[in-house]
Amino acid sequence: MLWYIGRRLLQLLPVFFGATFLIYFLVFAMPGDPIAALYGDRPPAESVIEQVRAEYNLDKPFIVQYLLWIGGIFTGDFGTTYSGRAVIDVMVHAFPITARLALLALLFEAVIGVTAGLFAGLRKGKPFDTVSLVVSLIFISVPTFVIGFVVQYVFGVKLGWINPSVSSAATWLELIVPALVLASVSIAQVLRLTRASVAENAGADYVRTAKAKGLSRGRVVRVHVLRNSLIPVVTYLGTDLGTLMVGAVITEGIFNIKGVGGTVFDAVKRGEGPTVVAFVSVMVIIFMLANLLVDLLYAVLDPRIRYVK
Amino acid sequence: MSENAATATTPLLQITDLEVGFTTQSGVVPAVRGVSFSIMPGENLAIVGESGSGKSTTAQAIIDLLPGTGKVTGGSILFDGTDLTTLNASGIQRVRGSQIGYVPQDPMSNLNPVWNIGFQVRETIEANTQLRGQDAKKRVIEVLEEAGLSDPGSRLRQYPNQFSGGMRQRVLIGIGLSARPKLLIADEPTSALDVTVQRRILDHLGTLTRDYGTSVLFITHDLGLAAERAEKLVVMYKGKIVEYGSSQEILADPQHPYTKRLVAAAPSLASRRIQAVRNDEEESGALAPVTRDISIVERAEAREASAAGDLIEVKNLTKVYQIRQGGFRKTDFTAVDDVSFSIPKGTTTALVGESGSGKSTVAKMVLKLEDITSGSITFDGKDVGTLPRSELLSFRRRVQPVFQDPYGSLDPLRSIGSTIAEPLLIHGIGDAKSRRATVRELLEQVSLPSSTELRYPNELSGGQRQRVAVARALALNPEVIVLDEAVSALDVLVQGQVLDLLTKLQTELGLTYLFITHDLAVVRLVADNVCVMRQGRIVEQATTDEVFDSPKQDYTRELLEAIPGGNFEFGRL
Numbered sequence: 001m002l003w004y005i006g007r008r009l010l011q012l013l014p015v016f017f018g019a020t021f022l023i024y025f026l027v028f029a030m031p032g033d034p035i036a037a038l039y040g041d042r043p044p045a046e047s048v049i050e051q052v053r054a055e056y057n058l059d060k061p062f063i064v065q066y067l068l069w070i071g072g073i074f075t076g077d078f079g080t081t082y083s084g085r086a087v088i089d090v091m092v093h094a095f096p097i098t099a100r101l102a103l104l105a106l107l108f109e110a111v112i113g114v115t116a117g118l119f120a121g122l123r124k125g126k127p128f129d130t131v132s133l134v135v136s137l138i139f140i141s142v143p144t145f146v147i148g149f150v151v152q153y154v155f156g157v158k159l160g161w162i163n164p165s166v167s168s169a170a171t172w173l174e175l176i177v178p179a180l181v182l183a184s185v186s187i188a189q190v191l192r193l194t195r196a197s198v199a200e201n202a203g204a205d206y207v208r209t210a211k212a213k214g215l216s217r218g219r220v221v222r223v224h225v226l227r228n229s230l231i232p233v234v235t236y237l238g239t240d241l242g243t244l245m246v247g248a249v250i251t252e253g254i255f256n257i258k259g260v261g262g263t264v265f266d267a268v269k270r271g272e273g274p275t276v277v278a279f280v281s282v283m284v285i286i287f288m289l290a291n292l293l294v295d296l297l298y299a300v301l302d303p304r305i306r307y308v309k
Numbered sequence: 001m002s003e004n005a006a007t008a009t010t011p012l013l014q015i016t017d018l019e020v021g022f023t024t025q026s027g028v029v030p031a032v033r034g035v036s037f038s039i040m041p042g043e044n045l046a047i048v049g050e051s052g053s054g055k056s057t058t059a060q061a062i063i064d065l066l067p068g069t070g071k072v073t074g075g076s077i078l079f080d081g082t083d084l085t086t087l088n089a090s091g092i093q094r095v096r097g098s099q100i101g102y103v104p105q106d107p108m109s110n111l112n113p114v115w116n117i118g119f120q121v122r123e124t125i126e127a128n129t130q131l132r133g134q135d136a137k138k139r140v141i142e143v144l145e146e147a148g149l150s151d152p153g154s155r156l157r158q159y160p161n162q163f164s165g166g167m168r169q170r171v172l173i174g175i176g177l178s179a180r181p182k183l184l185i186a187d188e189p190t191s192a193l194d195v196t197v198q199r200r201i202l203d204h205l206g207t208l209t210r211d212y213g214t215s216v217l218f219i220t221h222d223l224g225l226a227a228e229r230a231e232k233l234v235v236m237y238k239g240k241i242v243e244y245g246s247s248q249e250i251l252a253d254p255q256h257p258y259t260k261r262l263v264a265a266a267p268s269l270a271s272r273r274i275q276a277v278r279n280d281e282e283e284s285g286a287l288a289p290v291t292r293d294i295s296i297v298e299r300a301e302a303r304e305a306s307a308a309g310d311l312i313e314v315k316n317l318t319k320v321y322q323i324r325q326g327g328f329r330k331t332d333f334t335a336v337d338d339v340s341f342s343i344p345k346g347t348t349t350a351l352v353g354e355s356g357s358g359k360s361t362v363a364k365m366v367l368k369l370e371d372i373t374s375g376s377i378t379f380d381g382k383d384v385g386t387l388p389r390s391e392l393l394s395f396r397r398r399v400q401p402v403f404q405d406p407y408g409s410l411d412p413l414r415s416i417g418s419t420i421a422e423p424l425l426i427h428g429i430g431d432a433k434s435r436r437a438t439v440r441e442l443l444e445q446v447s448l449p450s451s452t453e454l455r456y457p458n459e460l461s462g463g464q465r466q467r468v469a470v471a472r473a474l475a476l477n478p479e480v481i482v483l484d485e486a487v488s489a490l491d492v493l494v495q496g497q498v499l500d501l502l503t504k505l506q507t508e509l510g511l512t513y514l515f516i517t518h519d520l521a522v523v524r525l526v527a528d529n530v531c532v533m534r535q536g537r538i539v540e541q542a543t544t545d546e547v548f549d550s551p552k553q554d555y556t557r558e559l560l561e562a563i564p565g566g567n568f569e570f571g572r573l
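Those protein sequence lines, which keep their order, are chains L and C.
In this text, residue positions in the first sequence follow UniProt numbering: the first is 1, and each later residue adds one.
In this text, residue positions in the second sequence follow UniProt numbering: the first is 1, and each later residue adds one.
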């Protein structure tokens, strides 16, 4: 088991270098001169441009720029933004906010999606099942930003139940509604996945045997239906963490949250290489760790899976 | 009348006019119609019938575990004085497990794969008795020991996938009997197991239930098993009871045409090799009796005249697998050990053995689906092992397989016509029009209507699917067909039909069969020569009659004795 985890962590290395190199290259290849973008309509003197270029290593060949950047990372220096702030400072501020938002969304997905899916699957064809299928289809087909704006307008502006925009502290409480919006599509997906999985498992032979053993209905569902049904759901939840971070760009925009999404979006627009690469690289690592966690969770849920080496 | 006498004459289970229906879009479809029978305390009764006869539905109705939309629509199920049909959910839950135990059919799918064995037995004990903690654990070990699982104490933390089919079935029997129920429903308890394992488990079950005075309700399609294990017999056909009474009497003198047919189709030691002499009219008649007692001498003579030497010759065949032992250590496992036999053209050779005897590995090597470690296989004078790639396609055309699982070996997304035409397409035979004509011809050969062409596997029964598999194998006009447990998954009547078909095709087309099976009773019906395999070696090799009439090896004798109903005289028509 430890061997397995060690091997998986080692696998992170090539992925880390591959991903950062690719992202760095993409940012490098983006059209437009970042210096020109920085100074807007009034271009500065030629000497100033040269100085800025040298400061940010923009005058060196691509591969040298990349190596310098990588070297910096291992000494804790993620570079500086074009406005002179250290990228690491921006990350320390932005990541906790988005982490709170994504974790809340993941929690809603797991709790609401699995619970509703379980009930729908056990009562297949009954009113609750039909209603939940229709509602989930609506959430899947309507774009998140529409849901976001509607929620913001109705609950924030009209009813005044929530603050339409989140403060810069972005506390857990403030993030509940944005997290629900962010998770809406995923909740619907988890519901459908759980429902199908539960409906299939409820008809399994071992469930009938469990009933024949004289177990109560509640125990049959808890012990013999739910655990087996969760295996595909856990996979989905793991891979969805990445989707949530991408989706956060839109949700953060709507509710004015100063998280990862907004920062990366702005940096991309400005062609700010160091910031984009740093943020995306950390996201790649988080995504990979989440996948490792899912694989380990598998072994907990399904004893047939064993990680030997 | 004393009280004792009264209880002794009161049936434990009395089913009266039971009706069970399934709700479909076109209304309620009855599955069980007016079924009545009773079981006395300590008595064993078997319900016999083919799949779809309503035998399992009857059993499931007793403990209210009908699948899907199934519902009891009439009649009563009196168990120990209570009508089970009137109980609510928690009432029936109290009866299940503690009063009525249940042993399901398929040991592979009836244990939850994500919980260990100990947990699954223990929760049954905790649900039905007052035992908790260490007492419950002790009882778990006791129950598994009784069910015949060796060293249960150290196996509690193991999971079902680490157990063999026989071991799992023992666990399920342990679960069924764990609370000492008065009645045990055993729904095809051993149909998924080898004959020898089956015999051991049924013997054990018999001893246990006799000791506890438990009544057993057997559900089976195997007449031999029913006759051996139960005093009373209920024969069901299309949801109705067609015969009910003492096992001995029914088998010796069946009254209903369906029972007669079932008795005739039951493969037993009394049967002989099927001769393809029946005409089509007889075969299509739904209740036509089967005649099998045609002189073997006649047939053997005819075959000798046409025999043109050995088509397949297997010499010193050996297959060694390397098994990982964790880390980088590997051990050799010899699956097939120095096996030699030959198959004369136009005859059937059967490889018989328990699972793990290496018989399927031999089949795979003959089909060239598995590499040979040492030894040789010669087909029509050519060495199969060193066949050049260019000749492989033509070898594949001449040697075709039919596999065991009629559900798994057909692509569910392809129509039957397209499935049968696929080999023709791969080998570039004919154009679209002629291929279609060939498909129709093949369907006719295997006695399926030509409309089957447009249907899909899920719309066909197991027997029909196996006919399709045979038709697909025949598409390329092969000379050899390797049948790997081709009829093992089918129930007796369907099995009989497929075996008849294979014999007919052999006579008409001069086919050579390599027949892999664990079922000696089937061997007697189709094979000319038999090789008995055990642990990778051939332990006995002779003509079918020699093997059955005077087995030389103890192991062969053991296999023969394990055939259910083997020693039973089936009624003659």
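Just so you know, even glycine gets a beta-carbon here, dropped at the ideal spot from N, CA and C.
As the structure is a computational prediction, the values presented were derived from the model and not from experiment.
- For ASN529(C), the uninterrupted beta strand (DSSP E) segment begins and ends at 529-534.
- In the structure shown, GLU479(C) falls within a coil segment according to DSSP collapsed to helix, strand and coil.
- The beta-carbon separation of ALA278(L) and PHE78(L), rounded to 4 angstroms, stays under the 8 angstroms limit for a contact.
- The beta carbon of ARG33(C) sits closer than 7 angstroms to the beta carbons of GLU19, GLY239, LYS240 from its chain, once the five residues preceding and following it are set aside; these are given in chain order.
- Taking each of ARG96(C), HIS518(C), VAL480(C), ASP491(C) in turn and checking the Cα distance to LEU502(C), the smallest one comes out for VAL480(C).
- The distance from the Cβ of ALA264(C) to that of PHE515(C) is about 21 angstroms, inconsistent with a contact at the 8 angstroms cut-off.
- Taking 9 angstroms as the cut-off between beta carbons, the residues of the stretch 209-226 of chain L near chain C are THR209, ALA210, LYS211, ALA212, LYS213, GLY214, LEU215, SER216, ARG217, ARG219, VAL223, HIS224, in sequence order.
- Every alpha helix (DSSP H) of 4 residues or more that sits fully in the stretch 215-245 of chain C is shown, in chain order, as 223-229.
- If you check the CB distance, VAL121(C) and GLY166(C) do not come in under 8 angstroms.
- The contact set of TYR206(L) on chain C, defined by CB atoms closer than 7 angstroms, consists of SER109, ASN110, LEU111, ASN112 in chain order.
- Counted as a single uninterrupted DSSP element, the stretch harbouring GLN152(L) is not any beta strand (DSSP E), since DSSP gives it neither H nor E.
- For VAL399(C), the enclosing beta strand (DSSP E) covers residues 399-402.
- Going by beta carbons, ILE63(C) and ILE92(C) fall inside the 8 angstroms limit.
- When DSSP states are grouped into helix, strand and coil, TYR456(C) belongs to the coil group.
- Taking a beta-carbon distance threshold of 8 angstroms, THR57(C) does not count as an interface residue toward chain L.
- If you keep only unbroken beta strand (DSSP E) runs of at least 3 residues inside the stretch 46-94 of chain C, you get 70-79.
- At a Cβ-Cβ threshold of 8 angstroms, VAL336(C) and LYS315(C) do not count as neighbours.
- Counting C-beta pairs closer than 8 angstroms gives fewer than three between the stretch 109-116 of chain L and the stretch 163-176 of chain L, which falls short of the contact rule.
- By the CB criterion at 8 angstroms, VAL28(C) and LEU262(C) fall outside the cutoff.
- Burial of ARG472(C) is indicated by the presence of at least 16 other C-beta atoms within 10 angstroms of its C-beta.
- Excluding its 5 nearest sequence neighbours in each direction, THR98(L) has C-beta neighbours in its own chain below 6 angstroms: ALA248, GLY259, VAL260, listed in chain order.
- Separation of TYR24(L) and LEU241(L) (C-alpha to C-alpha, rounded to the nearest whole angstrom) is 23 angstroms.
- Rounded to whole angstroms, ASP371(C) and LYS382(C) show a C-alpha spacing of 16 angstroms.
- Bridge pairing for THR318(C): SER374(C) [DSSP].
- The beta carbon of GLN93(C) sits closer than 8 angstroms to some beta carbon of chain L.
- For the 8 angstroms CB-CB criterion, ILE219(C) and LYS55(C) form a contact.
- Residues of chain L with a Cβ closer than 7 angstroms to the Cβ of ASP106(C) are, in chain order, ASP205.
- Within the stretch 277-304 of chain L, LEU301, ASP302, PRO303, ARG304 place their CB atoms closer than 8 angstroms to a CB of chain C, listed in sequence order.
- Across the structure, SER418(C) and ASP431(C) are spaced so that their CA atoms are roughly 13 angstroms apart.
- Counting C-beta pairs with one atom in each stretch, the stretch 85-99 of chain C and the stretch 179-198 of chain L have fewer than three that are closer than 8 angstroms, which means they do not touch.
- Counting along the chain, the unbroken beta strand (DSSP E) around GLU540(C) starts and ends at 537-543.
- As for any beta strand (DSSP E) of minimum length 3 sitting wholly inside the stretch 169-217 of chain C, the runs are 183-187, ordered along the chain.
- Inclusion of ALA521(C) and VAL402(C) in the CB contact set at 8 angstroms is not warranted, their separation being larger than that value.
- Sixteen is the threshold: since fewer than 16 other Cβ atoms of the shown chains lie within 10 Å of the Cβ of SER26(C), the residue is exposed.
- DSSP places TYR4(L) inside the alpha helix (DSSP H), whose first and last residues are 2-29.
- Remark: fewer than three beta-carbon pairs, one from each stretch, lie closer than 8 angstroms, so the stretch 150-166 of chain C and the stretch 177-188 of chain C are not flagged as touching.
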